[in-house]
Each structure stands twice: as C-alpha cells, then as structure tokens.
Amino acid sequence: MSLFKKFFVLSIVLVLSIGLFGCSSDAENTYEEVIERGSISFAMSGGYPPFNYYDDNNQLVGFDVEIAAEIAKRLGVESKPVTTAWDGILVGLQTGDYDGILGSMAITEERQQRADFSDPYYYSGAQLVVKAGSGISSFEDMEGLEIGVVTGTTFADVVEELGATPVFYDGDDMTLRELDNGNIDGVITDFLVGLMAIEEFNYDFEFVGEWLYTERLAVAFRQGDDELREAVNTALAAMIADGTYEEISYRYFGEDISQPR
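Using mature numbering (1 follows the signal peptide of the UniProt record, and there is no 0), the letters of the sequence shown map in sequence onto residues -27 to -1, 1 to 234.
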C-alpha cells in the first residue's frame, strides 16, 4: 500500500472514531453507573447552615444532607455527599467530579444553559439581614453600603441593583459572622438561612422588607442526564406524598417548604 493510501485509510479510521466516540455523553450513562457503583454523589458547599454545614464534630449535616440521603435510599444506593467551593460547583458537575448538585441551588436562566434541573425540592426567598438597631429599615437605605453574599449566588446582582457593594465570601457561615462582627453592613441570603441563624446562634439580627424575590431550589445534573434526573424526581415526589419530606422539613423549619408561600 502506498504512503498516500495508508494516510487516507488512517484518516478515515480517525474520523469514524471521533464520530462513534467523541460525541458520546457520559451523562447518558450516569444512572446506570450510580446503580452499578452502589452510591450517588451530590455536591454542596458545606458552609450553608441549616442546609449543609459541618457541626462541632466535623460531620456534614443539614437539610440538604438528609434529603440527599433519602433520595439515595429510594434509589437503592448509598449517599456520598461532596463539599466544594460554590463558585466552581457547576464546573465540577460538568467535568464529572460528582453526579449532581444538591446544595440549595436556585434555578436561573443562566444556570439552565449549563445544567438540567430536577423539580424544585423547596422554595424560599432572597432576604436582606442587618444588625438590630442599624438604622437600615428599607431597601433604599442600602445605597453605598457593603453587603455580604456568597460567591457564585444570584444575590450579588440584587445588591448592585440596589446601589450597594457586594462583598464576597465562601459560605453564609462567614457572611453572617462578618455581619455580627460589624465588618459589613448587611447580608443578602436565603430567608430560611437567616431565620435559622438568628435562632441557632442567637444573633441580634433583623429582616428588612419582604423577600426580594422567590427562588426555586432544585437538584442540578449534567445536560442530557435525563434518566438520573427523572429517577430523582420520582424519589422526591414519593417523599412528599408519603410524608417523609414533611417530617424532615418540620424538623428544620417548623413548616413544609416543598411548596411556595
């Protein structure tokens, strides 16, 4: 065979290989991999009490952790949560570092360009939290202030729209501590996070105004990972129907947060 023919044949084989293998999606096989592996990994920040955080014994606990464990149980596998920085959590999903994100991620148009989402597993709202007696009584008072937010959340956009400066942190355990220490003027966070922080840590905080907007929180998956996403949707629906979800929710929040207010 001539050198030209050898090169031509090799080129055809390379093209066919790319066509057969280069366009395949690992996401399409994730559900089968989860079942075969016997475990499922959901990512979360680990710094978002009461949803996911490390307790005094350095154990990862919280509402998200329990929901993830119950979903895994209904899939017949073990739950293996993973903690990672929030600002890079979608990149880790896309590169296959974990099977999904179950860490209080709000559905947004921007995120829907990068991931597919389950049905919402809870609803909450963006809330401005300040120190009691701060003199901040309305959103108009925020202009020129420094407001703490978690890096990668949707809250920073709201801060800028209200004329304030966002100050970024890795988790809300840090934003609320910095507010308590007087290093920032306020925090925008999830309403339930602020509520539980006041109750659990006895912070002298107060809420300003109503929710800035309602958020739908859901589990994120790699795009095209339909079989795993639908399996999780089925598990969530069953948890809500049989009262398991309500029991977990009441234990943390004193109410059922599976539906919007």
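Every residue, glycine too, gets a C-beta built ideally from N, C-alpha and C. Note that the structure is predicted; figures quoted are calculated from it, not measured.
- Three or more Cβ pairs drawn from the stretch 150 to 166 and the stretch 115 to 130 lie within less than 8 angstroms of each other, which places the two stretches in contact.
- When the Cα atoms are used, Leu101 and Val34 turn out to be separated by approximately 25 angstroms.
- Per DSSP, Ile109 is not a residue of any alpha helix (DSSP H), being assigned neither H nor E.
- For the pair of segments examined, the stretch 195 to 206 was found not to touch the stretch 102 to 116: the number of CB pairs separated by less than 8 angstroms stays below three.
- CA-to-CA, the gap between Asp177 and Ala41 works out to about 32 angstroms.
- A distance below 6 angstroms between beta-carbons, with the five flanking residues on each side excluded, links Thr162 to the following residues of its chain, in chain order: Asp145.
- According to DSSP, residue pairing for Pro139 in a beta bridge involves Ile120.
- If you look at Leu190, you'll find it in the beta strand (DSSP E) that goes 187 to 194.
- Residue Val55 holds the alpha-carbon nearest to the alpha-carbon of Gly73 among Glu134, Tyr26, Gln85, Val55.
- The distance from the Cβ of Val181 to that of Ile109 is about 6 angstroms, consistent with a contact at the 8 angstroms cut-off.
- Leaving aside the five residues that flank Thr127 on each side, the residues in its chain whose CB is nearer than 8 angstroms to its CB run, in chain order, Ala79, Thr81, Ala99, Glu188.
- Arg195 and Asp29 have their C-alpha atoms spaced approximately 33 angstroms apart.
- Cβ-Cβ separation between Ser12 and Glu51: approximately 4 angstroms, consistent with a contact (criterion under 8 angstroms).
- In the assembly as shown, Asp198 is a buried residue. Its beta-carbon has 16 or more other beta-carbons within 10 Å.
- Counting the other CB atoms within 10 Å of its CB gives Val132 a total of 16 or more, which places it among the buried residues.
- Looking at the backbone, the Cα of Leu209 and that of Ala58 are separated by about 26 angstroms.
- Secondary structure in the stretch 193 to 234: the alpha helix (DSSP H) runs of 4 residues or longer, each lying completely within the stretch, are 199 to 214, 217 to 226 in chain order.
- Between Leu66 and Ala88, the C-beta spacing is below 8 angstroms.
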